[in-house]
Amino acid sequence: MYNIEIDNKWNQRWINDKRFKFDPESDKPVFVIDTPPPFTTGELHMGHVYWVTYADSLARYMRLKGYNVLYPQGWDAKGFPTEIAVEKKYGRSLSRDEFYKRCEEISSQNIKLMKDQMRQLGATFDESYEYNTLSKDYIRKVQLSLIYMFNKGLIYKAMHPVDWCPHCVSSIAKAEEEDLEEETDLNYISFSLEDNKELIIATTRPELMHACVAIAVNPEDSRYKDYIGKDVIIPLYNRKVKIIADEIVDKEFGTGAEMICTYGDKNDLIIVKKHNLNFIDALTEDGRIKNSGLYDNLTAQDARKKIIEELKAKGLLKKVEKIKHSVRIHDRCKTKIELLNREQMFIKIKEFIPKIKEVAASIRWIPEHLIHRLNNWADSLEWDWNISRNRIFGTPLPFWICNNCKNIIPAAEEQLPVNPIVDKPPVERCPICNSNDIIPETSTADVWIDSSITPLIISGWPDSKLFDRLYPASIRIQGTDIIRTWAFYTIFRSSFISGDKPFESLLIHGMILGPDGRQMHKSWGNGVYPSELLQKYPVDAIRLWVALSGSIGSDKIFSYKDMEYAKRFLNKLENSINFISRFIKGFDKDENSIKDEFNLFDIAILSKFNDIVEIVERAYDSYDINTAMTQLVNFYWHDFCDYYIENIKHRVYNDSRDKDAAVFTLRYIANNSLILFAPVIPHIVEELYTTVFERSVFDQSLPKFVENREELTYAINGIVFRSAEIEVPIESIGDALNSIISAVRQAKTKNKISLNEPIKSVNIKANEELIRYIELVKDDIAKICKSNNVNIEKGEGLNVSIEL
RNA sequence: GGGCCUGUAGUCCAACGGUUAAGACGCUACCUUGACAUGGUAGAGAUCGGAGUUCGACUCUCCGCAGGCCCACCA
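Sequential numbering of the first sequence, starting at 17, is according to our numbering.
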């Protein structure tokens with residue numbers, strides 16, 4: 017009985033099995049798989065299960081097909097999850113070195129946990145090609161890639177408004193943001209005009225009033241037409257600002273007059289730039305008020321409370337309205353994002369958008385339509401890629417800055433990996449201005465800088481001789497959620513550096529949703545975890561569930577019902593193979609010696625199987641394990657088990673004249689079905705295969721199908737079985753035979769008797785075309801239906817009745 | 001507001017423009033037949049609506065309706 021020991025047994029053996037390793041010496045065609053390096057959180061989630069199943073199944077299939085498969089696995093050990101874990105455990109007061117060490121510790125522990133879970137899923141990645149974004153070698157390559165881009169003029173440092181996370185005290189990229197709907201107060205505040213009139217302004221951010229540099233109204237707004245160009249006085253601060261006109265202002269919102277601060281939001285930014293207004297730095301890096309003179313050092317939250325109290329006391333708060341709006345939050349720590357004007361490192365990406373789209377178009381997207389998401393995202397970018405992060409546990413940007421002329425000085429290649437904070441610059445004086453005031457660039461790189469070169473890394477860039485053979489990767493597998501990040505940045509960086517697309521195909525899977533149809537979320541309690549599933553289900557049930565979970569690219573609601581179905585199929589497979597093995601043990605006749613014994617039942621099922629082999633292999637070849645498994649499972653369960661096996665039982669139990677042909681057919685279909693099942697459900701298949709055939713299924717080659725259907729023939733491994741008497745397609749004969757048997761079963765069911773119950777007679781009326789074939793298997797029909805009396809006569813179409 | 005995707009039985013999920021629209025879960029009835037009751041047999045049950053292209057539309061086009069995702073906006 018298939019159980020967890022069997023899973024473990026094979027998983028153990030496979031870890032060191034040479035067959036599953038990439039062979040750099042081999043001249044077989046190569047197949048390279050670029051899988052996501054997961055953040056080292058320590059636990060797999062369902063998304064990992066999804067792509068691990070795809071990656072491993074395709075790796076196993078391509079090996080069976082004769083490819084030399086490179087299936088590495090990487091780990092994104094850096095990045096926020098690790099830092100947050102360390103912060104949680106040790107607080108925020110560790111020294112830089114200490115902090116880095118703790119991060120390393122946690123991530124390496126977590127890698128082990130995750131790797132074990134992946135191995136439990138049967139993943140046959142090759143550990144000698146493992147990579148880790150934390151390793152010296154990886155950092156060296158990332159830094160090399162940055163220096164390459166710098167030398168090509170893509171990297172610059174500039175003062176620029178950047179999205180900023182006050183919790184992480186770091187700038188972040190637009191791609192790291194999420195929306196959050198929240199309720200907030202819209203405060204109506206009285207500003208005074210020169211002639212003692214008042215102007216009411218609605219704002220959700222009163223704490224930024226000190227950074228107010230103008231009041232904007234819509235030029236079409238009749239209420240304020242006369243005010244444009246006039247001064248208005250900011251309450252509490254008693255500072256004058258101008259009223260300006262801009263069509264970006266929505267007349268309907270609040271009072272139609274908008275306070276322009278530097279920078280409360282992007283509208284402010286646009287207006288400030290357009291109208292060339294002053295800049296007032298309103299917030300510190302950790303989100304506290306600065307330059308206000310009244311509320312400095314308070315958090316924005318506290319300052320807001322105080323300022324509202326103050327305004328209320330002075331009677332300047334006219335109204336408070338609850339509104340719902342959405343704010344941008346940092347996807348990792350969920351902190352609200354501020355817009356700050358800071359000096360940051362950037363990579364030029366805007367000007368490469370057309371090129372990125374061109375490279376993307378040269379890649380085969382599966383499913384195709386998801387390329388729109390990338391294009392859509394690319395078109396929406398407003399700024400270059402801000403790559404600096406003020407974090408510790410990241411790849412150091414390999415640059416120094418001349419404090420005199422602001423020239424960027426890259427590290428020398430020999431000194432990589434480098435940390436400018438502790439290492440010396442490659443030159444003592446600035447090559448431009450000759451100053452010796454050279455300071456390190458202290459920020460680290462955005463994590464997507466690390467992971468956007470994985471296709472280069474796995475193919476051995478820049479040192480390996482194999483690079484040209486291994487790059488581009490054959491396939492990249494990833495989820496829809498990281499199209500705008502991983503896919504986008506990889507296409508940009510890897511193609512810029514290599515001059516070629518990073519991968520031939522890009523396979524994108526959807527998200528696995530909770531049983532309630534919503535995204536799985538810890539706080540919603542609708543999460544399903546692989547560790548739980550692995551206790552309840554055989555690994556292969558989980559893998560088969562993934563394969564049967566609909567076409568790639570669309571989201572899938574997790575369902576225990578579907579999981580149960582997958583599990584039951586494994587049971588069916590095991591039982592049927594056990595049954596078959598009773599007859600094929602020791603059976604060694606080849607197709608030649610029995611070719612005249614095949615009857616219509618055999619030829620019909622072999623013909624159908626030929627179709628299935630073709631469908632399944634074509635599906636696998638286009639990386640569609642969903643179609644492959646859907647077709648194969650249905651064929652195996654219903655056509656093969658429910659009909660064929662039942663139909664030939666009488667032949668194999670009794671030593672009939674044509675028993676050998678039936679046994680041969682059982683063996684042929686069982687053997688080749690197992691081979692086709694092996695990539696997706698390897699554990700149970702290998703267990704059954706080694707038991708029955710006494711060799712590994714992974715040493716077999718794929719079954720071949722007959723492509724030429726012009727003649728009415730059936731062929732097995734090149735030997736043609738020709739039945740001169742068959743003049744209509746064998747499929748329609750097979751269907752007719754099954755209809756007869758189905759009709760008899762139906763009649764027995766209606767009469768509430770067992771299918772095993774003998775009956776007096778079966779009466780078949782069939783048209784001329786069919787009747788001669790039915791005659792050929794009259795004895796079979798009699799035995800299958802348990803009747804000594806099968807009467808066949810001419811009639812219209814096909815009509816079956818029985819007598820009890 | 002822009003873009004993309006999806007609408008098939010109570011539910012999930014298939015179907016090169018061409019038989020009687022496949023399979024699963026659930027439901028009903030029957031069958032403890034010498035692989036399997038985690039099984040078998042049978043039954044009821046579906047193409048979102050409207051136009052159009054076509055000899056023929058689940059499939060292609062347009063419109064509408066309903067969901068989902070991405071993006072923009074949100075003072």
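The C-beta atom is built at its ideal place from N, Cα and C for all residues, glycine as well. Note that this is a predicted model, so its numbers are computed, not measured.
- For the pair Ile-286 and Glu-367, the Cα-to-Cα distance works out to about 21 Å.
- In the structure shown, the three-state DSSP call for Phe-680 is helix.
- Each residue's CA atom was taken as its position, placing Leu-560 and Ile-524 some 18 Å apart.
- For Asn-626, the enclosing alpha helix (DSSP H) has its first and last residue at 616-637.
- The three-state reading of DSSP puts Arg-344 in strand, counting E and B together.
- Here the alpha carbons of Ala-174 and Leu-137 stand approximately 47 Å from one another.
- Contact annotation, Glu-747 with Lys-624: C-beta distance approximately 7 Å; criterion of less than 8 Å satisfied.
- Beta bridge pairing from DSSP links Asn-357 with Pro-177.
- Within the DSSP bridge table, the entry for Ile-339 names Thr-200 as partners.
- If you compare the alpha carbons of Asp-571, Gln-551 and Leu-170 with that of Gly-526, the shortest gap goes to Asp-571.
- In this structure, the CA atom of Phe-115 is about 8 Å from the CA atom of Ile-408.
- Between Ala-557 and Lys-583, the C-beta spacing is below 7 Å.
- Annotation: Ile-573 to His-666 spans about 44 Å, alpha carbon to alpha carbon.
- Taking the C-beta atoms as reference points, Tyr-789 is found no nearer than 7 Å to Ile-756.
- Counting along the chain, Val-158 sits inside the alpha helix (DSSP H) bounded by residues 152-167.
- The C-beta of Ile-250 has 16 or more other C-beta atoms within 10 Å across all chains shown, which makes the residue buried.
- DSSP places Asp-284 within a helical segment (H, G or I) once states are collapsed to three.
- Non-local beta-carbon contacts of Glu-429 in its own chain, meaning distances under 8 Å to residues more than five positions away in sequence, involve Leu-160 and Ile-163 in chain order.
- Runs of the alpha helix (DSSP H) spanning 4 or more residues and lying entirely within the region 255-301 occur at 282-290, in chain order.
- The count of Cβ pairs closer than 8 Å, one atom from the region 88-100 and one from the region 459-469, reaches three, so the stretches are in contact.
- In the structure shown, Leu-252 falls within a coil segment according to DSSP collapsed to helix, strand and coil.
- Of the candidates Leu-522, Glu-337, Pro-370 and Asn-626, the residue whose Cα lies closest to the Cα of Glu-199 is Glu-337.
- Runs of the beta strand (DSSP E) spanning 3 or more residues and lying entirely within the region 43-76 occur at 46-50, in chain order.
- Distance from the CA atom of Ala-218 to the CA atom of Asp-237, rounded to whole angstroms, is 16 Å.
- Put simply, of Ala-620, Glu-702, Ile-697 and Arg-485 the residue whose alpha carbon is nearest the alpha carbon of Ser-42 is Arg-485.
- Contact check for Pro-88 against Tyr-154 fails: the beta carbons are separated by 7 Å or more.
- Secondary structure at Asp-195: strand, using DSSP grouped into helix, strand and coil.
- Contact between Ser-510 and Pro-478 fails: their C-beta atoms lie close to 12 Å from each other, not under 8 Å.
- Tyr-553 and Ile-339 have their C-alpha atoms spaced approximately 48 Å apart.
- Residues Leu-196, Glu-198 and Lys-352 of the same chain have their beta carbon placed closer than 7 Å to that of Val-343, with the five preceding and five following residues left out of the count.
- In this structure the region 308-327 does not touch the region 263-274; the number of beta carbon pairs closer than 8 Å is below three.
- The residue from Cys-349, Val-102, Trp-399 and Ser-451 with its alpha-carbon nearest to that of Asn-423 is Ser-451.
- Taking the CA atoms as reference points, Ala-191 sits about 17 Å from Pro-54.
- Assignment of beta-bridge partners to His-525 by DSSP yields Gly-495.
- Contact between Trp-26 and Gln-494 is absent: CB atoms are separated by about 27 Å, not below the 8 Å threshold.
- Per DSSP, Phe-415 is not a residue of any alpha helix (DSSP H); the beta strand (DSSP E) it occupies stretches across 415-418.
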